[in-house]
Structure formats: structure tokens, C-alpha cells
Amino acid sequence: MSVIVRFAPSPTGFLHIGGARTALFNWLFARHHQLYGAGGDSKFLLRIEDTDRVRSTPEAVAAIIDGLSWLGLEWDGEIVYQSARATRHAEAARQLLELGRAYHCYCTPAELEAMRERARAEKRSVRYDGTWRDRDPAEAQELIRAGIAPVIRLKAPQAGATTIRDLVQGEVTVANAELDDLILLRADGTPTYNLSVVVDDHDMGVTHVIRGDDHLNNAFRQTQIYRALDWAVPQFAHVPLIHGPDGAKMSKRHGAIGVEQYRELGYLPEALRNYLLRLGWSHGDDEIISTDDAVRWFDIADVGRAAARFDKAKLDNVNAHYIREADDDLLLRLMTERLEGEFGRTLSPVERERLTKAMPGLKPRAKTIVELVEKARRLLILSRDQRANTLLDQDQGQHFTVFSRPTGVEVTRGGLLPQIKTVLESISAEEWPVDTLVTPTPLSEPLRRLARSCDVPFGRIAQLLGAAVYGSPETPGLYIVLVALGRDETLARIADAASGRTQRE
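Under our numbering, the residues of the sequence shown are numbered 5 to 509, in order.
Structure representation (C-alpha cells):
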């Protein structure tokens, strides 16, 4: 079976996390049927519902398109812009008028408000009471001569019920008495949302409407429009919304921010896709699911009815996994883009090589690209003054103290830093390792001998050396840093650190 689905965002803001998940579910459903069903011509379409000309902006449209592209959710065919189809929407409303399934309503705003007030006073549902539903059109002649423009309303069924067999929610029914004659075409000739959606979905050949369950009430009204037009009703699948970890409606404090902001925060698109997939859908106990497996396994009928809860810690863990598994060249490119933007210059070949060598130590310690850059930045700071600003105040106990401010100078009791420098100077350029994966590194044993001769725990030697060459005792692997920096830069940084000792003593 071929399926045609669509993602239809309103460009009144960014592509938020809930919208991204809706797009993902639609995309997976279409791709699954393309590859594993009998529907090789299944499609995932994109429609921009930009009929709100006041709130829709070109910037929001660009953000939606860019967000989908970054996530890897490429659509089929050209983008449909709903605003360009207003004439077609109005045509459908007039078709219903000719069929006697819609009618002109001349109620004024004052009359409609009085209608609502009566309903509230009588504790009834606030709905249109059908004033013009069965009146003779001749009664409107005086209003027409007065220049009053009518709206067109659907002549909805009043008896019985409308039932939706939802692929996620199951069978849902509402009494037709609860659904009034909704407006199809406003007095100014512009179509309403429900009419536009039905006409566009029909003309685009949409077979399955997958969207958030906040649209479930619209589905009943839209079903009535489909039936009035004698069109086939698509299958609906209303997905529960995403809530925050506290169970409340998702907000910015929970992470309801734009997809582009997640990119800026350093998340990889495949990690965000993986995490969003698991918000409401599962495949056994699998947490890490490749895109290929997601396409193979996904079925919208497997989405749960309960609201999913957003958990940033889980997202971070998923992202950390994808960073560990990512190609080093990709990570280097992402890091370089950010660092060059920060520095306002192009990284030199030496700096790029330094990052490449350090990657085995950087990747396992970063949850985001931002963290990766923060750890890598220390490897590129060349001047002592720059490094001083990154050093940490830290008391390392009896044998030495590491200071950072105001001068950023490490002061040692017992002269350990000069002794470390002497030990490392004894290792020739030819002996200095160039591969961070060499274990044990030729640098380790001389430093351990120094620790034993000074009766100092090796950890303290490592902390002091890390503070001197990396700007922090906590390094992405001490030997990885030493190899990445190389002999000359390592010794120069130690000399910078040691030279300020008398200033502090």
C-alpha cells in the first residue's frame, strides 16, 4: 500500500521539538512503506500553512526548512504554500453551497455575541444556533442591499455521531449535536483553517494524517467536510504531545526550544532524531536505534497513547553516544567551524593536526559539540596570558599549589614543575610520540620515576603538569595532551608556567 503523508507547520515561529517529532514520525512512516511495504511511491510532503499573514514570517519559513534539512528529514516534491491556494479553498466552499450542503449566514457580530451570552446563561455549550441554516435566501435581500457580506457555513449533520478510527487513539466518537455549523468562508472571502486543510490534503493525495493530539477535535469537523464533498477521508493518527519531566505541558524551561537552538547547543542531528523517536515509540528495550533500523521497524500504530516526557539528561547521554561513534573528520569540521567563528580567523594546519591527535581523548569526555570545543580550545591557546585566564585556583596540598589569578602562575613547593620540565627535555624529538593511541607512551615511565624519586603520588605530578600545559589539572588524558601539543609546545608551556614562580613567592 502506498501512503502519502505530510508535515504542515504554521510559520509563526521556530520548528519546536514537538513539531520535529511529528515530522520525524511522518517521514519514517513514508520511508518504511517505500522500502519495506508495497508502496514504493509513498511520499513525505511538506506544506507550509502560512494563511495567517500577520504572524507568518519569511524568517520562520526559513527556520522550518533549515531545521528539517539539518535533521535529515528531506521531503518529496516541491513545498506547498497554503496561502497560494486560497482560490481553490474558496471554490470548494462554493461547491458545497451549490450542493445545498452549506449556506450563507448573515449574523452580525453583535448577534453572535448575544447567542454566546444566552448559551452561557443557560449553561449550554457555546455554539452557533443555526439561525440562517434553513431560512429562505429571499429573507437576506434587504441585508444584501445594505452591503452586508455573509459567511459560508457547513450544513453539518445534527443527528447521530461522527466517529474516527484513529491509528493511535483508537475509535473516538463525538455526538453531532456537539458540533455546530462551522464557518468555511469568512465574509471577506478568506477560507478558514479546517476547510483549507481538508482541500489541501485531498488535492495532495494525503492518505494518512499524522499530527499532535491537540488536533483531535479538528478531525471531527474535517471528517464532516470530507463527507460533504464526497471525498475519501484519510486515516488519522493523533500522537500525544510531549510533556516536561514534571508532567506539565512542555515549555522553554523543559527544552521546548527551536531545533536550530539544539544545533547551536551542540547536538548531532542523528542523536536528536534517535531521542525524539523514543518519545512515544519504542522497539523493545532498544535505546540507540540507527536511522536504517528506525525506518525498518517504525509503524505509527506502535505509538503509545500516553504523553511522552522530555528528559534532557537522556538526550545528553544519547548525544554523547553519537559523538563517541562519530567520524573524527566530521567532529573536526564541526569543531573548526565554531572555533574559527570564535577566534575570527582560520585555524592553522598545526592547530588542526593538534585537534586531530587529541580526538581520542576528547570524544569520550564530551556530551555535546559545545563541550568538545571547550575541551579543545585549551589546546589552541598559544599565549601565556590567554592560558592564564583559563587556569583554575586549586590547592593541591603539601607538595605544590596551583594558582590562576591574578597572574595565572603555577607556584610549586619543592620545585616539581622545573623538575618535570627537565625530565621531559631529556626525551628527544625523535622519541617524542606522535600517535596518541600508543600505549604505554614513552612519556609515562620517566614521569613515574620522577614521582617515585620525589616521594610524590603520580596523580599530583599529572595534575600539576596538566595545569601547566592544558590550563586545568583535569585533562582529556594527560598523555594525549602532551602528544597532541608536541614536544616544543609542551616545553614552552611548562616554561611559561614556571617563569612566574618568583612573582608569587
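A virtual CB, placed ideally from N, CA and C, is assigned to each residue, including glycine.
Review point. If you scan the segment 413-464 from start to end, which runs of the alpha helix (DSSP H) of 4 or more residues do you find wholly inside it?
Key: 420-429, 448-457
Review point. Out of R10, N222, S430, which has the shortest C-alpha to C-alpha gap to D492?
Key: S430
Practice item. Starting from L158, follow the beta strand (DSSP E) in both directions and report where the run begins and ends. Key: 155-158
Exercise for review: Have a look at the DSSP bridge pairing and note the partners of P195.
Suggested key: L189
Exercise for review: Please list, in chain order, all residues of the same chain as Q265 whose beta carbon is under 6 Å from its beta carbon, the five residues on each side excluded.
Suggested key: Excluding positions up to five away in sequence, the list is empty.
Review point. What is the C-beta distance between T16 and D56, in whole angstroms, given that I count them as a contact (C-beta under 8 Å)?
Key: 6 Å
Review point. Which whole-angstrom value is the C-beta distance of L158 and A232, which I expect to be below 8 Å?
Key: 6 Å
Point to revise | Test item: CB-CB of Y322 and A275 under 7 Å | key: The question names Tyr, but residue 322 is Val in the sequence shown. For V322 and A275, yes; Cβs fall inside 7 Å.
Practice item. Tell me whether T166 sits in a helix, a strand or coil according to DSSP, three-state version. Key: In the three-state reduction of the DSSP assignment, T166 falls in the strand class, which pools E and B.
Check your understanding: Where DSSP assigns a beta bridge to A312, which residues make up the other side?
Key -> I246
Practice item. Output the distance between the C-alpha atoms of Q226 and A165, rounded to the nearest integer angstrom. Key: 14 Å
**Study point:** Buried or exposed by the 16-neighbour rule on C-beta atoms within 10 Å, applied to M5
**Key:** exposed
Exercise for review: For K127, name the three-state secondary structure that DSSP assigns.
Suggested key: Coil, per DSSP.
Check your understanding: My guess is that P244 and A311 are in contact by the Cβ rule of under 8 Å, so how many angstroms apart are they, rounded?
Key -> 4 Å
Review point. Going straight from the alpha carbon of R497 to that of I68, what length do you get?
Key: 47 Å
Review point. How would you write the range of the beta strand (DSSP E) that H108 sits in, first residue to last?
Key: 106-109
Check your understanding: For I292 versus H247, is the C-beta distance shorter than 7 Å?
Key -> Not in contact: I292 and H247 (Cβ atoms no closer than 7 Å).
Review point. When you compare only the Cα positions, how much space is there between V299 and A241?
Key: When rounded, the distance between both Cα atoms is 18 Å.
Check your understanding: Leaving out the 5 sequence neighbours to the left and right, which residues in its chain are closer than 8 Å to L39 when beta-carbon positions are compared?
Key -> V299, R300
Review point. From G134 to A163, what distance separates their C-alpha atoms?
Key: 14 Å
Point to revise | Residue from R267, H108, R128 whose Cα sits closest to the Cα of I148 | key: When each option's Cα is compared against that of I148, the closest is H108.
Practice item. Determine the DSSP secondary structure at A241, reduced to helix, strand or coil. Key: In the displayed model, A241 falls within a strand according to three-state DSSP.
Exercise for review: Would you mind giving the Cβ-Cβ distance between Q239 and L171, rounded to the nearest angstrom? I have them listed as a contact below 8 Å.
Suggested key: 6 Å
Practice item. Taking S87 and D54 to be in contact with their CB atoms under 8 Å, please state how far apart those CB atoms are, rounded to whole angstroms. Key: A Cβ-Cβ separation of about 5 Å places S87 in contact with D54 under the 8 Å criterion.
**Study point:** Local conformation of K47 per DSSP, three classes
**Key:** In the structure shown, K47 sits in a strand (DSSP, three-state: E or B).
Check your understanding: Just to confirm, are L482 and L280 a CB contact at a threshold of 7 Å?
Key -> No.
Point to revise | Neighbourhood of M339 by C-beta distance below 8 Å, restricted to the same chain and skipping five residues each side | key: L359, I373, L376, V377, A380
Practice item. Would you list the residues sitting across from T61 in a DSSP beta bridge? Key: Paired residues: none, contrary to the question.
Point to revise | Buried or exposed by the 16-neighbour rule on C-beta atoms within 10 Å, applied to D332 | key: D332 counts as exposed, since fewer than 16 other beta carbons sit within 10 angstroms of its beta carbon.
Check your understanding: When the Cα atoms are used, what is the spatial distance from A502 to L421?
Key -> If you draw a straight line from the Cα of A502 to the Cα of L421, it is about 6 Å long.
Check your understanding: Under 7 Å, do Y197 and A144 count as touching if we go by C-beta distance?
Key -> no
Check your understanding: Does the beta-carbon distance from R356 to G475 come in below 7 Å?
Key -> No, the pair does not count as a contact, with Cβ atoms beyond the cut-off.
Check your understanding: Nearest-angstrom Cα distance between R122 and L77?
Key -> The alpha-carbon separation between R122 and L77 amounts to approximately 49 Å.
Point to revise | First and last residue of the uninterrupted alpha helix (DSSP H) at R25 | key: 21-40
**Study point:** Contact under 7 Å by Cβ, L351 with E344
**Key:** yes
**Study point:** Nearest residue (CA-CA) to P477, options V201, G463, D217
**Key:** G463
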